[in-house]
Every structure is written in C-alpha cells, then in structure tokens.
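What the sequence shown shows, in mature numbering (1 follows the signal peptide of the UniProt record, and there is no 0), is residues -21 to -1, 1 to 546, in sequence order.
Ideal Cβ positions, reconstructed from N, Cα and C, are used throughout, including at glycine.
A quick note: this is a predicted structure, and the numbers were derived from the prediction, not measured.
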Amino acid sequence: MKKRTLLFLSILATISFTSTAENLRESIAIVRPNFSESTQTFLTDFSKSLRKDGFYAAADILQNYGKGSFGTGFAYRDKRDGRLYIITNRHVVEQAETVDVEFSLPDNSSKTFATCPVVGVHDDFDVAFIALPEEVNIPTLDITDKSITDGTPVFSAGFPALGDKPSWQLGQGIVSNASAQIKSLTNGKELPLVQHTAQVDAGSSGGPLLIRDENAAAGFAVVGINTWKASDRENTNFAIPVHAIDDFLKNYSTDPQSLLTRTEVTNRASAMLKAAQSSYQAVMPFVSYRYVSNISANTFYDLVNAASDAATDAMKSCFEQGQPLEGIRIGLSDIICRQFSGRNYTFSTVAALDSIGRTAEAIYTTGNKNISTRWIMEQGRWRLSAAENIKASRIEPNGISKSYGFGTSIYIGLVYPFNNDAFDMSYNIAFKRTILTFMTYEVTASLLKVKTEKTEWEGANEIVKPHSHNVFDLDLNIGGQLPVKCGPIYLVPYAKILGGLYFGSDLTGIDYGFGTGVEIAYKFGYQNYVFANIGYIGKRMKPFDDEEFRLKSKTLSGLAFSIGISF
C-alpha cells in the first residue's frame, strides 16, 4: 500500500512538473530584432567589400548576421506601475529599435507581436527592456530575491537554434558558483554572476534562469538572465542576477518621451565627456548604432589600424562570436575616447533639440574652438551619432600614416629629359608594392630613344654621323616613403635607387641611378588608391660596347610624371 501511495505521489509530481513546464512557454518568447533599411544596406555593402578584399570569414559573419538573428526573452510586469515588458539581453537587440516578439505555445500555435519598441537598455549590464502593446495580457514570470547557493537546482528555458530555427528547450542543472566575479563580462562593474550547469546554447541568450517556487504563478521564479556560455569549458554558463532588473527600473526611464529635454541631453553629453577620461568601455553606452552604420566599408580598415591593441582584440572577439556591429562599435568608441580625452574639452551647451525627430545638437569647446556633436534617442538612451572632430568616413587622423599601403599597383608614365639632345621623351609602365608602409619595391619597363654618334669614313675624311636607337629598359627600384595623411588624400614623399638592363638591336648595357619626388594618393577602398606622381629621375647609362656607337650623354636626367591605381 505504501509503495502504491509513493508511486501515485510520484506520478502526480511528474504531471505537475510537466504542466508547469508547459505553462512556462506562455511567458517565454522568441525575440527577433528588426534591422532598419540603412542597417541592412550597411551590412550588405560591408559584406561585399570584405569579400572583395579577401576577408571571406568576416564577410560570411556579416552576411549571416544580416539575414536575421534571434534570442530569448521573458514576460515581466513591473509591480510599481503595472507595465508589461519582455526582458532580454542587450546584445540580442543590438542595432534594433524594434523587435518582433513571438510566443511558441505547447499546442504548436504561435502568437506574435510585431515591431515592439526597445524602450531601454542598461549601460553597464547586458539587459534590455522591450515594451509590449498596452492591450496585451499574457502570463508573466515572477522574480525572486531568494538567496541561492552552490548546489541549488536551477532550470534554463529558451529557444536555442536547431537547424537555424528556434526550438524550445528546458534544461536542468545546478548552481556551480553562486557569486562568480568576472569583471570582463560586466563592463568592469561589481556584479556577482550566477555560474551554473543548466544547458545554454546559441539562441538561449536573454532567457530566464529559474528555480522551483510553489508560490509563483508558473511554479518557477526567475533568479537570473542567461547571458554567456563558456566556450572552453563544459557545462559552464553564466546568468546576470535578477537584481539588475530592479536596478534598471530604479535608475532608468522606460518612457523615451520623458527624456526629450535639454536637461537629459546635457546630462548625457557631460557624462560622455567624463567617460572618455576612463576607457573605451565606459564610452560605448554613448555611441549609437546609427554612428556605426555611417562607418564606410572603405574606412573600416582604418578603424582597425587606428584602434588600441585592447580594442582591436575586443573587436576580433566580437566578430568571432558573431557580433560584428558590436565589434565596430568598440573600435569607434576607442577612437572617440582617445579624441575627447587627448584635449581639454568642456561641455558648452545644447544648441538644438528636436523632440519630434528625437535628435539634438550638443556643443563642446576646446580652447577657442567649438565642436558640434549630433545626438539621437536610440533604445531609450541619448546616444552620439556624429561628431565634428571624428568623421565616420575618415577615421585615421591626419599626420604620418602607419596604415598606408597596397598590395600591387600599376602605373603608366613618361620621363621628359633635361638633356633632350641626347634622349627623347620615354614612356614606361611600372608595378609597385609596399612593404610595411614605409618601403617599396618596383619593376619598371621603359621604351627609350637614345641618341648616339658613329664615326664613318668617306674617302680619307672622318665624319661623325648622328644616330638614334630604340631600346627597352628594365629596372628594379627599391625605395622608402613617408606617407602623410591630409584629410582625404595622402602626400607621399619618396626616394629610391634603381638598376637594370637595357636592350636594343645595336646597343645594350646596364643602367643605375636614383629617383625622388612626391606622390599624391586618394584612397577609395582597402589598399585601393589612385595616384598622381611627379619627381626627378637620374640614371647612368653604361653600354657594354661603345666602340661603334657612342652615347651623346651617358646620363639620363629628367622630370618623371605618372598616374596609377592599386588593386
């Protein structure tokens, strides 16, 4: 009898658990960010440019990212004002101002709420709030402040990808570290994370970490937001504790209309200036995704080259994790940080505020100069979208460039000789490459007309007769250059030494010499430039045999002109 009773209770517990687990699906949603048309265009163009330049892996990441991603979120009602939200990770909604929220129910039906606005994101923690329509009434999950300890049973719930589509998953594990201190995951802030073994996969981001709670409406209560999965360890996952939700609701407004004031713009613009004195991580919350979308594919490489080593490593990590736009945002934040921290900037005033368009202009000063910046309301935060001192299309600063260089370039040109009694104008084609920015090597092929003298006898009289010879000249050039960036162009003074052979039907020999000049280059892509070049060239022409034909001059000296393009 006791065995039957025990079995009956066990069956009831199983039925109860299954029922409450199914009820969870009414409160846990698939979150699909909606990219704007400008963002889609940016991703498409950027992907094509990277592929053209040979960066196939990065191009694939951008292309796949542009096709759309998804994460998980859960319904939560703020007890203070009764407002209904979907809570998810900030990185799930990056670059999106609206999302589609889909509930995939146990009976295989679904319920979708389109274009729900992202009303707020936490500056420090990976948390975002999405507003559902006011008329929506769905079951919500309770959060709990119950303390959890190592060994506490926990559950993960969400919609990880299965065959590129979201698939419901409820995982079970234990808390393996109730207070994991990993500042690299919390933007340097003090926030103990919950380390656990419940299953978390791609697409689970933003889903709840749960404990059983008989007093909760769904039979479960939220103790964390699943956010990270360790790639180099088994069953090692991390969740942001729920008090980050309360921190957000206490310190952030989820009503963007209340933020459309000059005071709010002043506070954000002043706070950004303070953040710039700290680190690029502190600046990131102030940088809009609109600013990121204005980065041209042609200057992305300048962004990488100009960024600090730490920022470059972080950008690489973001690309590897499938978050390319966040990677670009890191690089841009690093440039902004160094620009605003390198000079004595002060906040001046809010010059304009458009509450309908949700834009503003803020002015900073340095010395006697005013610097205009543009701000937009994005994801419930005032963010920087443009700065007069940091053009999104020209990231690399003026001055000596360390990123200038190209693979192969082709030039066509001519040399106008000073001693035109000995040489006619010559024409050439050249192929040049750079080595570590400041060195070059070049192969030049030229067609020259060389004037010679030949002694002939007419009877007893010795007569010197002029002749001209067409020769083909092949030279190897090795040189140095100092590229200086001046706005959209580069001024590149250079010097080189050269040597080679020339061949003709009646005249062959070697030549050697040097050249110097200035090249003007305009960059239009990754290692893609157009060139205009003017310089001086001087070389010694030494024939193998000059007994029959004597050169009128053994030194070719003249002005060299050329135009070129790199590819």
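Item, Value
"Collapsed DSSP secondary structure at GLU305 in the structure displayed", "helix"
"Cβ neighbours of ASN407 in the same chain (closer than 6 Å, five flanking residues each side left out)", "GLY392, THR423 and SER425"
"Cβ pair ALA181, GLU81 closer than 9 Å", "no"
"Extent of the continuous alpha helix (DSSP H) run through ALA209", "No alpha helix (DSSP H) holds ALA209; DSSP gives it neither H nor E."
"Completely contained alpha helix (DSSP H) runs for the stretch 98 to 173, where each covers 4 or more residues", "none"
"Cβ neighbour criterion (16 or more within 10 Å) applied to THR(-4)", "For THR(-4), the pLDDT reaches just 44, beneath the cut-off of 50, and the residue's location in the model is therefore unreliable, leaving the point undetermined."
"Neighbour-count burial assignment, CYS297, 16 or more Cβ in a 10 Å radius", "buried"
"Closest residue to ALA159 among GLN174, LEU149 and THR165 (Cα-Cα distance)", "GLN174"
"Test item: CB-CB of THR328 and ILE350 under 9 Å", "no"
"Bridge partner(s) assigned by DSSP for THR67", "ALA107"
"Inter-residue Cα distance where the pair is ASN214 and GLY150", "11 Å"
"With 16 other Cβ atoms within 10 Å as the buried cut-off, status of TYR55", "buried"
"The stretch 273 to 287 contacting the stretch 184 to 203, beta-carbon criterion three pairs below 8 Å", "no"
"Length of the line joining the Cα atoms of TYR270 and GLY492", "50 Å"
"Own chain partners of ILE(-7) with C-beta closer than 8 Å, once the 5 adjacent residues on each side are dropped", "Bear in mind that the predicted position of ILE(-7) carries a pLDDT of just 35, short of 50, making it unreliable; the figure below should be weighed with that in mind. Cβ within range, chain order: n/a, list empty."
"Under 9 Å between C-beta atoms of SER88 and GLY301", "no"
"Coil, strand or helix - GLN460 by DSSP", "strand"
"Contact check, LEU332 vs VAL244, beta carbons under 9 Å", "yes"
"Inter-stretch contact (C-beta, 8 Å, three-pair minimum) for the stretch 130 to 150 and the stretch 187 to 201", "yes"
"TYR508, buried or exposed, once every other Cβ within 10 Å from all chains shown has been counted against 16", "buried"
"Check whether SER382 and ALA285 have beta carbons under 9 Å apart", "yes"
"Burial state of ARG322, where buried means 16 or more other Cβ atoms lie within 10 Å", "exposed"
"Reference PHE326, options ASN456, GLU375 and ASN246, closest by Cα", "ASN246"
"For GLU16, three-class secondary structure by DSSP", "helix"
"Proximity to LYS531 [Cα-Cα], best of ALA401, GLU435 and MET520", "ALA401"
"Extent of the continuous alpha helix (DSSP H) to which ARG241 belongs", "241 to 255"
"Where ASN507 falls: helix, strand or coil (DSSP)", "strand"
"Which residues DSSP lists as bridging LEU426, in chain order", "TYR406 and PHE451"
"Length of the line joining the Cα atoms of GLN256 and LEU311", "15 Å"
"Where the alpha helix (DSSP H) through ARG269 begins and ends", "268 to 272"
"Simplified DSSP assignment, three categories, for ASN230", "helix"
"Bridge-paired residues (DSSP) for TYR280", "Answer is none; TYR280 lacks a bridge partner."
"Through-space distance from GLY167 to ARG241, alpha-carbon basis", "30 Å"
"Beta-carbon gap between LEU172 and ALA209 smaller than 9 Å", "no"
"Top-ranked residue by Cα proximity to GLY384, from ASP234, TYR280 and ILE369", "TYR280"
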